[in-house]
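Number of protein chains: 6
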Amino acid sequence: MQVTVSRKAHFNAAHRLFKKEWTDKQNEAIFGKCANPHYHGHNYELIVHVTGKIDPETGYVMDMKVLKDLIKAEVEELLDHKNLNEQVAEFFDLIPTAENIAVVIYNKLKPHLNKAHTLSVTLYETPRNFVTFSG
Amino acid sequence: MQVTVSRKAHFNAAHRLFKKEWTDKQNEAIFGKCANPHYHGHNYELIVHVTGKIDPETGYVMDMKVLKDLIKAEVEELLDHKNLNEQVAEFFDLIPTAENIAVVIYNKLKPHLNKAHTLSVTLYETPRNFVTFSG
Amino acid sequence: MQVTVSRKAHFNAAHRLFKKEWTDKQNEAIFGKCANPHYHGHNYELIVHVTGKIDPETGYVMDMKVLKDLIKAEVEELLDHKNLNEQVAEFFDLIPTAENIAVVIYNKLKPHLNKAHTLSVTLYETPRNFVTFSG
Amino acid sequence: MQVTVSRKAHFNAAHRLFKKEWTDKQNEAIFGKCANPHYHGHNYELIVHVTGKIDPETGYVMDMKVLKDLIKAEVEELLDHKNLNEQVAEFFDLIPTAENIAVVIYNKLKPHLNKAHTLSVTLYETPRNFVTFSG
Amino acid sequence: MQVTVSRKAHFNAAHRLFKKEWTDKQNEAIFGKCANPHYHGHNYELIVHVTGKIDPETGYVMDMKVLKDLIKAEVEELLDHKNLNEQVAEFFDLIPTAENIAVVIYNKLKPHLNKAHTLSVTLYETPRNFVTFSG
Amino acid sequence: MQVTVSRKAHFNAAHRLFKKEWTDKQNEAIFGKCANPHYHGHNYELIVHVTGKIDPETGYVMDMKVLKDLIKAEVEELLDHKNLNEQVAEFFDLIPTAENIAVVIYNKLKPHLNKAHTLSVTLYETPRNFVTFSG
Numbered sequence: 001m002q003v004t005v006s007r008k009a010h011f012n013a014a015h016r017l018f019k020k021e022w023t024d025k026q027n028e029a030i031f032g033k034c035a036n037p038h039y040h041g042h043n044y045e046l047i048v049h050v051t052g053k054i055d056p057e058t059g060y061v062m063d064m065k066v067l068k069d070l071i072k073a074e075v076e077e078l079l080d081h082k083n084l085n086e087q088v089a090e091f092f093d094l095i096p097t098a099e100n101i102a103v104v105i106y107n108k109l110k111p112h113l114n115k116a117h118t119l120s121v122t123l124y125e126t127p128r129n130f131v132t133f134s135g
Numbered sequence: 136m137q138v139t140v141s142r143k144a145h146f147n148a149a150h151r152l153f154k155k156e157w158t159d160k161q162n163e164a165i166f167g168k169c170a171n172p173h174y175h176g177h178n179y180e181l182i183v184h185v186t187g188k189i190d191p192e193t194g195y196v197m198d199m200k201v202l203k204d205l206i207k208a209e210v211e212e213l214l215d216h217k218n219l220n221e222q223v224a225e226f227f228d229l230i231p232t233a234e235n236i237a238v239v240i241y242n243k244l245k246p247h248l249n250k251a252h253t254l255s256v257t258l259y260e261t262p263r264n265f266v267t268f269s270g
Numbered sequence: 271m272q273v274t275v276s277r278k279a280h281f282n283a284a285h286r287l288f289k290k291e292w293t294d295k296q297n298e299a300i301f302g303k304c305a306n307p308h309y310h311g312h313n314y315e316l317i318v319h320v321t322g323k324i325d326p327e328t329g330y331v332m333d334m335k336v337l338k339d340l341i342k343a344e345v346e347e348l349l350d351h352k353n354l355n356e357q358v359a360e361f362f363d364l365i366p367t368a369e370n371i372a373v374v375i376y377n378k379l380k381p382h383l384n385k386a387h388t389l390s391v392t393l394y395e396t397p398r399n400f401v402t403f404s405g
Numbered sequence: 406m407q408v409t410v411s412r413k414a415h416f417n418a419a420h421r422l423f424k425k426e427w428t429d430k431q432n433e434a435i436f437g438k439c440a441n442p443h444y445h446g447h448n449y450e451l452i453v454h455v456t457g458k459i460d461p462e463t464g465y466v467m468d469m470k471v472l473k474d475l476i477k478a479e480v481e482e483l484l485d486h487k488n489l490n491e492q493v494a495e496f497f498d499l500i501p502t503a504e505n506i507a508v509v510i511y512n513k514l515k516p517h518l519n520k521a522h523t524l525s526v527t528l529y530e531t532p533r534n535f536v537t538f539s540g
Numbered sequence: 541m542q543v544t545v546s547r548k549a550h551f552n553a554a555h556r557l558f559k560k561e562w563t564d565k566q567n568e569a570i571f572g573k574c575a576n577p578h579y580h581g582h583n584y585e586l587i588v589h590v591t592g593k594i595d596p597e598t599g600y601v602m603d604m605k606v607l608k609d610l611i612k613a614e615v616e617e618l619l620d621h622k623n624l625n626e627q628v629a630e631f632f633d634l635i636p637t638a639e640n641i642a643v644v645i646y647n648k649l650k651p652h653l654n655k656a657h658t659l660s661v662t663l664y665e666t667p668r669n670f671v672t673f674s675g
Numbered sequence: 676m677q678v679t680v681s682r683k684a685h686f687n688a689a690h691r692l693f694k695k696e697w698t699d700k701q702n703e704a705i706f707g708k709c710a711n712p713h714y715h716g717h718n719y720e721l722i723v724h725v726t727g728k729i730d731p732e733t734g735y736v737m738d739m740k741v742l743k744d745l746i747k748a749e750v751e752e753l754l755d756h757k758n759l760n761e762q763v764a765e766f767f768d769l770i771p772t773a774e775n776i777a778v779v780i781y782n783k784l785k786p787h788l789n790k791a792h793t794l795s796v797t798l799y800e801t802p803r804n805f806v807t808f809s810g
């Protein structure tokens, strides 16, 4: 009896989309105003989904308080109120698109979860744009 | 051509998380303030998803009015404005975690659906915590 | 490494649910007030999900600006501020239920996407009723 | 000690914006695609605010169940699943803009309220456009 | 130049509406299922509004971190995961309607604010029912 | 008969809170992680409220399409995908707190409105923090 438990979290960050190997013109052609060299930013809304069996002792798949604290320690500490391009090592050589940020978050959380559990990460860059990565 | 139709509903209830076999200390260690013996409560938001083929006569997978009435009869009547631990027989021996409530709701609805349809239940305990059970 | 990117859009339209071959009484028995011959309408909220691999050059599965423009050209131009029954050819012989509208939207978008990508369409008819079609 | 109590409700309707005395061209110049002769529609979200003193007997300004039933009887019965221009007498000679609909709703509700109470009506035509009328 | 700054917070609590001096029948006649002797509960959403001049040194009316911590200390500590009738002294002789809870919250916060600031409290008992108290 | 019409808009921007005249330590003491020299950012949600009489010819206080275009020209062009501190002249000597941004937006819009209309601006910096300025 598999159940998915989901927890919402939030962080604010600055970023820009650009590829070092490209000229400014190429970057602007591909990334438009997201390439602005002075950065822009977002309120990222994160939903972390963990799927597993209900523990018959507790009625929990996973204690949501533990999941909340894990997201805080592994994701919010890393990304909140940061400039992703300049202050987060994972993005020194990786363009911080929503897709790539979701993969980075997945990789930060996965090692800390019960191995019998599966993980999925949904990341809203804006209320109208979001991505989902499930490993 | 499978389509999923989804209907949102709502109920308010009181509950506490605790295991009769454990001491108060054990309950508080595992469930924290959710173990408060005087209860606390939630506005539960429920989303019921039914998947099946579109009926070419009506253009419906299932009449949403019928689904709305079914949720009202089987779920809202049972749980709305109730104390789950004390007034709902399903939880006399089952801890009313969001996971277990979702399973109970699934089991109340499933027998009333067309056998060719599959069911999934999403339950928000708070705007930031939710669970999904798909049988 | 498959990621799903999702984009929300919006359109307003009038419709009624009725079957030409049925009498008014039959239509009202099946479709209730949705059969009102003078029409009623909705603010439809649309979420388009595209799943594929992250392009290592851009960090994108698909440029969301391109997806936004595609939804505008193929869906909003067709359906926004229209009477679905009277002004949209796809519904001259198809009842414009949420299920059928989702299928029509899927079929309008699919040919314009990369063939390696999969598509799913979620359509909210009201904040409490929605449908999902994934082909 | 004045408190405002607010209740949300919902109705779906079709309408068009046009002035009988104007030509089609004039109507389209002023109202754009909202003048479409075949109508379009909206999910209207309504918030009704009533301000008054707390009754020390009940702790209520006004029983929200009574307010809910009043909105149902006076507003939803009149407007839900209707074509405002063709089926609602109040709009036979009044353009059903959000502004005018809010005034009509105010006038339907006001006579049924306690005279010591003040009323305000907020009406969302879309999630991005809304109006407020307070008499 | 007056600006209003607003901060959202959240707490979950159990309550029932009843008047000790009344019989069970009277309570049920007035409060319906909200009088259930076994309690029910809500996810209360709170919005605290503080109005004052912008401090030209900081650009703040009030540091939102200070307001957040004040709400936590004065409101969440008092009400979160509590049974309002049985565990919160303010409601031992006051019916915990949304109106009365808003007044209690106002009175807890007001003494801690700058005297030049005005305060307003909005409390959602459910997503469809809310109240506002401004002193 | 005064009615308020409101329009929601959206922009993304990077900023930091700091005062040039202060040391880094002072800035961090007052502004915390919002003082991060590498910037962070937000999805700002803006609601513009215009109050005036209903024009009996059109049923409008103000054409929402005109208001939408005005917000785009005066606010979104200025602030969207920008670094407020480095690229927006209004903030070269003004700390871009939500309060100050709301005042700047008010001052950009006011001269373009009908003089008989009053203006109010609500700005969400995050879903939990927002400010309102009414001149």
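Keeping their order, the protein sequence lines are chains G, H, B, D, W and Z. Residues 1 to 135 in our numbering are what the first sequence spells out, letter by letter. Residues 136 to 270 in our numbering are what the second sequence spells out, letter by letter. Residues 271 to 405 in our numbering are what the third sequence spells out, letter by letter. Residues 406 to 540 in our numbering are what the fourth sequence spells out, letter by letter. Residues 541 to 675 in our numbering are what the fifth sequence spells out, letter by letter. Residues 676 to 810 in our numbering are what the sixth sequence spells out, letter by letter. The C-beta atom is built at its ideal place from N, Cα and C for all residues, glycine as well.
The Cβ of Tyr259/H sits no closer than 7 Å to any Cβ of chain B. Assigned with DSSP and collapsed to three states, Phe361/B falls in helix. Looking from the CA of Lys573/W, the closest CA among Arg556/W, Lys560/W, Val588/W, Glu585/W belongs to Arg556/W. Excluding the 5 residues flanking it on each side, Leu472/D has same chain C-beta neighbours closer than 8 Å at Val410, Arg412, Val453, Val455, in chain order.
In its chain, beyond the 5 residues on either side, Leu393 have a beta carbon closer than 7 Å to the beta carbon of Ile371/B. Contact annotation: His247/H and Asn552/W have beta-carbon atoms that are not nearer than 7 Å.
Counting every other CB atom within 10 Å of its CB across the protein chains shown gives Asn249/H a total below 16, marking it as exposed. Relative to the Cα of Leu389/B, the nearest Cα in the group Asn399/B, Met332/B, Glu360/B belongs to Met332/B. Between Ala144/H and Leu205/H, the CB-CB gap reaches or exceeds 7 Å. Note on geometry: alpha-carbon atoms of Gln566/W and Pro532/D lie some 41 Å from one another. Residue pairing by DSSP puts His445/D in a beta bridge opposite His420/D. Under the three-state reduction of DSSP output, Asn623/W falls in the strand class.
Counting only the Cα atoms, Gly727/Z lies some 19 Å from Asn512/D. Scanning chain Z for C-beta atoms nearer than 7 Å to the C-beta of Lys33/G yields His756, reported in chain order. Contact between Tyr719/Z and Ala689/Z is absent: CB atoms are separated by about 11 Å, not below the 8 Å threshold. Proximity to Lys560/W across Lys650/W, Leu649/W, Ile635/W peaks at Ile635/W, based on C-alpha coordinates. The straight-line gap separating the alpha-carbon atoms of Asp294/B and Lys470/D is approximately 35 Å.
Taking the beta carbon of Ile780/Z as reference, no residue of chain W falls within 8 Å; the closest one sits roughly 12 Å away. Counting along the chain, Tyr376/B sits inside the alpha helix (DSSP H) bounded by residues 368 to 379.
A Cβ-Cβ contact shorter than 7 Å links Val408/D with Phe673/W. For Arg682/Z, the closest Cβ of chain W is not nearer than 7 Å.
DSSP places Glu561/W in the coil class of the three-state scheme, outside both helix and strand. Counting the other Cβ atoms within 10 Å of the Cβ of Gly329/B gives 16 or more, which makes it buried.
Closer than 7 Å to the CB of Glu369/B there is at least one CB belonging to chain H. Per DSSP, reduced to three states, the secondary structure at Lys747/Z is helical.
Proximity of chain Z to Tyr600/W at the Cβ level (cut-off 7 Å) is accounted for by Thr772, Glu774, in chain order. Under the DSSP definition of a beta bridge, Tyr124/G partners with Glu45/G, Phe130/G. For Val239/H, the CB contacts under 7 Å within the same chain, skipping 5 residues up- and downstream, are Glu225 in chain order.
Taking a Cβ-Cβ threshold of 9 Å, none of the residues of chain W is close to Asn162/H; the smallest such distance is about 13 Å.
Taking the CA atoms as reference points, Gln222/H sits about 19 Å from Asn625/W. In the assembly as shown, Phe632/W is an exposed residue. Its beta-carbon has fewer than 16 other beta-carbons within 10 Å.
In the displayed model, Leu524/D falls within a strand according to three-state DSSP.
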